[in-house]
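Quick note: the sequence shown, position 702, residue 702 per UniProt numbering, numbers continuous.
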Amino acid sequence: MPDSHIQRCLDLCAQAHHLGGEDLSRKLIELQQALRSLETDRPETTTETAPPAADLDRWQHEPVITMDMHGYLTGWNRGAEMLFGYTPDEAIGQHILFLYAEEPDAHISKIFELFLDHGSPLMEVRRRKKSGETFRANMTLQHILDDNNEAVAMEAHLSEIPDRLSTEEKHRLYAKIIEDSEAGILITDASERIVSVNPAFSRITGYSAGEAIGETTDLLNSGVHGTDLREKVLAAMHGADVWQGEIIGRRKNGDLFPQSVSIGVARNADGLVSHAFSMFSDISALRAVEERMQQIVNFDSLTGLPNRTLFHQLVEQALAVAHRNKDHCALLVIDLNRFNSVNDSLGHEVGDALLRQVGQRMRNVLRQEDILARIGADEFVVALSSIQKREHSGLVAKKLLACLESPFVIGSHALHIGASIGIAIYPEDGLNAGALQRYADIAMQRVQRNNENGFLYYSPEMNLRAKEQWQLEGELRQALSGNQLMLHYQPKVSLRSGRIVGAEALIRWYHPEHGLIPPDKFVPLAEETGLILELGSWILDEACRQIRIWQDVGLEPLPIAVNISARQFDNQLPERLQATIAHHHLPCELLKLEITESLLVRGPEKVIPIMNELVALGFNLSLDDFGTGYSSLAYLKKFPITTLKIDRSFVIGVPDDENDCAIAQAIVTMGKQLRQEIVAEGVETQAQMNFLRGLGCDQLQGYLFSPPIAADEFERMVRDGRRLILD
Ligand code: C2E
Ligand code: MG
Ligand code: MG
């Protein structure tokens with residue numbers, strides 16, 4: 001034991017003797033520490049277990065550090081000096097935090113404070129030596145108490161946890177870990193060039209080390225991420241916080257793949273970023289599992305359709321949109337009739353196959369935006385979002401029933417199955433998915449009680465309307481085949497000569513019981529049900545037949561205008577028209593086509609080419625009901641029309657209503673500029689005629705001259721040379 005140690009203890013005792021208060025406490029601590037040094041510096045008496053000579057010094061000197069209650073070092077023994085490399089002069093007076101391996105942050109200070117309160121058992125810590133090397137150590141901390149049992153100082157005992165690996169071994173091991181890692185690793189230098197990749201990188205991305213090294217990380221850029229994410233990644237590569245997240249990468253073969261990535265940096269001795277590293281794993285398999293889970297949670301495994309959970313979510317979203325747009329929605333509950341008997345008699349496999357086919361057929365007749373789900377064994381639901389009219393849901397119900405009509409072929413069986421459908425309407429019947437489904441279900445059960453295939457609305461008022469419409473539709477079909485329809489002709493007269501220059505063909509339905517049904521009552525219905533195609537063909541054929549008769553009897557050839565509804569205006573129209581006039585041996589000039597602006601909802605890019613085709617074939621187009629629709633001057637210029645018909649609603653007010661006069665005048669001026677012939681519809685009075693004639697209108701059609709009349713009456717009028725009296 002060195003004498004100097006003993007002498008130091010004696011000196012301290014002598015000094016303490018003269019002191020009081022805080023100074024005494026400090027001195028006592030020093031003394032205590034000196035005594036402990038005496039203890040630890042005592043030589044080992046036995047040599048049997050002595051460590052190797054190289055470690056002897058360290059083994060003999062357990063590092064002990066004392067500090068005051070604020071953490072300032074007051075004692076630093078030989079062991080501490082050997083371990084840390086600081087002499088007592090360098091260490092004493094410093095704060096304990098200067099030995100910490102990490103920057104002293106709030107967290108560390110917190111631990112320190114905690115200790116001050118409670119003392120601490122053995123803990124493992126990381127510390128930094130004077131050389132900068134960091135190491136792990138076991139440490140115990142304890143209070144040093146004064147005579148009154150008050151803590152006056154702290155004492156830390158440290159023992160280094162030896163690093164079993166040499167630096168060289170460590171480097172070899174780290175390299176091996178990187179080589180064998182399942183995660184792809186790429187290392188870039190400060191200029192973002194790849195300097196090293198591991199085999200997993202090549203396995204995942206398809207790029208060999210040779211292909212990747214020297215490139216930037218753009219090599220893996222999928223192009224699907226915005227600049228936001230790219231900036232974050234770049235910031236991490238340049239030393240901002242470690243970044244962890246998921247990104248989509250691109251493999252060498254072009255495939256995209258999801259990857260979980262962490263990006264960090266290595267710094268040089270000056271603290272500057274020398275390299276960035278990115279560790280990533282391919283998580284495609286994980287994503288596939290997640291998607292599969294989503295599928296299980298949200299979709300019906302048998303039909304692949306959404307299940308009840310997803311359906312309700314989708315409906316709630318659709319209702320929110322409908323609420324914003326003040327639209328109607330409809331929810332249809334569809335229950336298959338006698339499905340159980342199929343299951344019971346032919347087995348579940350056949351039953352399952354039938355349900356799959358039913359699901360497919362229904363999906364096929366619905367629009368993309370309609371939601372179809374399976375919510376029970378043989379129960380399906382449909383949600384129609386944003387329907388313009390509540391009645392449209394009835395049409396969809398009919399379509400669904402019709403799609404089930406033809407037999408389902410399953411193996412050797414041809415099965416017939418019907419359905420009962422209940423409909424509830426948003427917002428009238430209910431405001432949320434749950435309520436709507438409940439009410440639709442009640443309506444469906446009503447249908448089922450009658451053991452019928454069919455549909456019912458939840459609300460009685462809607463049922464009444466549906467019934468009337470259904471009836472009307474059936475009767476219109478009969479009318480088509482049963483001679484109840486005929487065309488009337490309303491003359492058009494020239495405002496220059498007063499002579500008849502043509503006519504418009506208008507359909508009339510003479511119902512055997514209800515008498516004359518005006519076109520406004522059944523043309524829209526025919527449009528909704530699709531019956532307009534048959535009706536339209538009949539009208540065209542009938543008009544051409546009549547023109548042919550007039551030609552044959554030598555009547556002055558006058559163009560006859562036929563109204564073409566938007567639904568008829570498809571790609572096949574030119575062909576159909578050509579076939580009809582060819583069938584009746586007529587020139588195109590004798591048939592005019594009246595179209596309306598409602599066509600435009602189909603998109604100008606779709607309808608304008610059809611218009612051009614018709615004009616190229618020699619037909620003349622008139623724009624009917626002008627001013628009531630969607631037209632803007634921009635479209636009007638693109639339409640190859642020869643005639644504008646000013647809607648009756650503007651004619652009514654002239655010459656007294658200033659607005660109507662202004663609109664009529666604007667339309668005429670516009671039409672004249674576009675060199676179009678202008679027809680005023682629904683002219684009933686002399687005053688209206690005079691005004692419109694004054695504006696420069698070319699023709700007049702209206703009760704003032706004649707209402708729509710039967711063909712023979714029109715023929716007589718033309719033969720008689722009847723004229724409009726202009727003054
Ligand atoms: P529209 O094509 O604008 O036909 C003009 C309507 O105005 C006809 O009604 C005609 O009778 C009426 N009208 C003519 N002059 C006067 C008048 O001075 N005063 C009054 N108050 N009314 C007059 P209608 O025949 O009832 O036809 C109504 C609508 O039904 C037609 O409007 C047209 O959109 C449609 N429609 C009629 N026939 C057919 C057809 O054969 N095919 C198609 N697709 N639609 C038709
Ligand atoms: Mg018309
Ligand atoms: Mg009109």
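Heads up, the beta-carbon is just placed ideally off N, CA and C, and yes, glycines get one too. Keep in mind it's a predicted model, so treat the numbers as computed, not measured.
Next on the checklist: Using a 10 Å radius around the Cβ and a threshold of 16 neighbouring Cβ atoms, would you call S406 buried or exposed?
Outcome noted: Exposed.
Item to check | Extent of the continuous beta strand (DSSP E) run through L621 | outcome: For L621, the enclosing beta strand (DSSP E) begins and ends at N620 to F626.
Checklist entry - H392: which of K672, G530 and M67 sits nearest, CA to CA? => result Among K672, G530 and M67, the Cα nearest to that of H392 is on G530.
Item to check | Selection from S274, A236, I549 and L464 that minimises the alpha carbon distance to V261 | outcome: The option with the nearest alpha carbon to V261 is A236.
Next on the checklist: Within a Cβ cutoff of 6 Å, which residues of the same chain sit near L623, ignoring the five residues on either side of it in sequence?
Outcome noted: If we look at L623 and ignore the five residues flanking it on each side, its Cβ neighbours are I641 and L644.
Next on the checklist: Please output, in chain order, the residues near ligand 2 using a CB cut-off of less than 5 Å to any non-hydrogen atom of the ligand.
Outcome noted: Answer in sequence order: N563, E594 and D624.
Item to check | heavy atom of ligand 3 below 8 Å from K592 C-beta | outcome: K592: no, Cβ never under 8 Å from ligand 3.
Checklist entry - So is L114 buried or exposed if we call it buried at 16+ other beta carbons inside 10 Å? => result Since pLDDT at L114 reaches only 44, below the 50 mark, its modelled position is unreliable, and the value read off the structure follows with that caveat. L114 should be labelled exposed.
Checklist entry - What span of residues does the beta strand (DSSP E) with C329 cover, start to end? => result Unbroken beta strand (DSSP E) run through C329: H328 to N337.
Item to check | Whole-angstrom C-beta distance between L305 and V315, which should lie under 8 Å | outcome: Incorrect: roughly 14 Å between the Cβ atoms, too far for contact.
Next on the checklist: Determine whether the beta carbon atoms of G502 and L558 lie at a separation below 9 Å.
Outcome noted: Using a Cβ distance threshold of 9 Å, G502 and L558 count as a contacting pair.
Item to check | Span separating the alpha-carbon of M154 from that of D163 | outcome: Cα-Cα distance, rounded: 28 Å.
Checklist entry - Can you tell me whether H312 is buried or exposed, with buried defined as 16 or more other CB within 10 angstroms of its CB? => result With at least 16 other beta carbons inside 10 angstroms of its own, H312 counts as buried.
Item to check | For R477 and I532, believed in contact at Cβ under 8 Å, the rounded distance | outcome: About 12 Å separates the two Cβ atoms, so there is no contact after all.
Checklist entry - Does DSSP classify K645 as helix, strand or coil? => result Here K645 sits in strand by DSSP.
Item to check | Under the three-state DSSP convention, the category Q484 falls into | outcome: Three-state DSSP puts Q484 in coil, outside helix and strand.
Next on the checklist: Given this structure, state the Cα-to-Cα distance separating Q546 from L617, to the nearest angstrom.
Outcome noted: It is roughly 21 Å from the alpha-carbon of Q546 to the alpha-carbon of L617.
Checklist entry - Looking at the structure shown, is I283 part of a helix, part of a strand, or coil, going by DSSP? => result Three-state DSSP puts I283 in coil, outside helix and strand.
Next on the checklist: Once DSSP output is grouped into helix, strand and coil, what is the label at H225?
Outcome noted: Here H225 carries a coil assignment [DSSP, helix/strand/coil].
Checklist entry - Going straight from the alpha carbon of D41 to that of K129, what length do you get? => result Residue confidence for D41 is low, a pLDDT of 49 falling below 50, so the modelled location carries little weight; the figure read from the coordinates is stated next. Each residue's Cα considered, the two are about 22 Å apart.
Item to check | D3 - DSSP class collapsed to helix/strand/coil | outcome: Below a pLDDT of 50, predicted positions are generally treated as unreliable, and D3, at 48, falls in that range; no measurement from the model is reported.
Checklist entry - For ligand 3, is there a heavy atom less than 8 Å away from the beta-carbon of E677? => result For ligand 3, not one heavy atom lies less than 8 Å from the Cβ of E677.
Checklist entry - So D647 and F619 are in contact, right, with Cβ under 8 Å, and what is the actual spacing, rounded? => result The pair is not a contact, with the Cβ atoms about 22 Å apart (cut-off 8 Å).
Next on the checklist: Which same chain residues end up closer than 7 Å to N343 when comparing Cβ atoms and leaving out the 5 residues on each side of it in sequence?
Outcome noted: By the criterion of a C-beta distance shorter than 7 Å, N343 is surrounded in its chain by G351, once the five residues flanking it on both sides are discounted.
Item to check | T46 to P88 span [Cα, whole Å] | outcome: Summary for T46: the model assigns pLDDT 36, below 50, so the residue's position carries little reliability; its value from the coordinates is reported in the next sentence. Approximately 30 Å, taken between the alpha carbons.
Next on the checklist: Is any non-hydrogen atom of ligand 1 found closer than 8 Å to the C-beta of I507, if you look at the structure I gave you?
Outcome noted: At a cut-off of 8 Å, the beta-carbon of I507 counts as near ligand 1: some heavy atom of the ligand is closer than that.
Item to check | Continuous beta strand (DSSP E) stretch holding G454: start and end | outcome: G454 to Y457 is the extent of the beta strand (DSSP E) around G454.
Checklist entry - Would the beta-carbon of residue 812 fall within 9 Å of that of H275? => result Residue coverage of the chain in this structure runs from 1 to 727, which leaves residue 812 outside it and unanswerable.
Item to check | Whole runs of the alpha helix (DSSP H) within the region 219 to 280, excluding any shorter than 4 residues | outcome: Complete alpha helix (DSSP H) runs here, min 4: 227 to 237.
Checklist entry - Are the beta-carbon atoms of D698 and I678 separated by less than 9 Å? => result For D698 and I678, yes; Cβs fall inside 9 Å.
Checklist entry - Closest by CA to I663, which one among D228, S649, L674 and Q673? => result For the residues D228, S649, L674 and Q673, the minimum Cα distance to I663 belongs to S649.
Checklist entry - When every heavy atom of ligand 1 is checked, does at least one fall within less than 8 Å of the C-beta of P574? => result No, the Cβ of P574 stays beyond 8 Å of every heavy atom of ligand 1.
Checklist entry - Among all the DSSP beta bridges, which residues are the ones paired with M67? => result Beta-bridge pairing links M67 to L73 and M154.
Item to check | Beta-bridge partners of K592, as assigned by DSSP | outcome: A561 and N620.
Next on the checklist: Assuming Q701 and Q490 are in contact, meaning their beta carbons sit under 8 Å apart, how far apart are those beta carbons, in whole angstroms?
Outcome noted: 6 Å between Cβ atoms; contact.
Checklist entry - Anyone know if the C-beta pair for L404 and E528 falls short of 9 Å? => result Contact: no.
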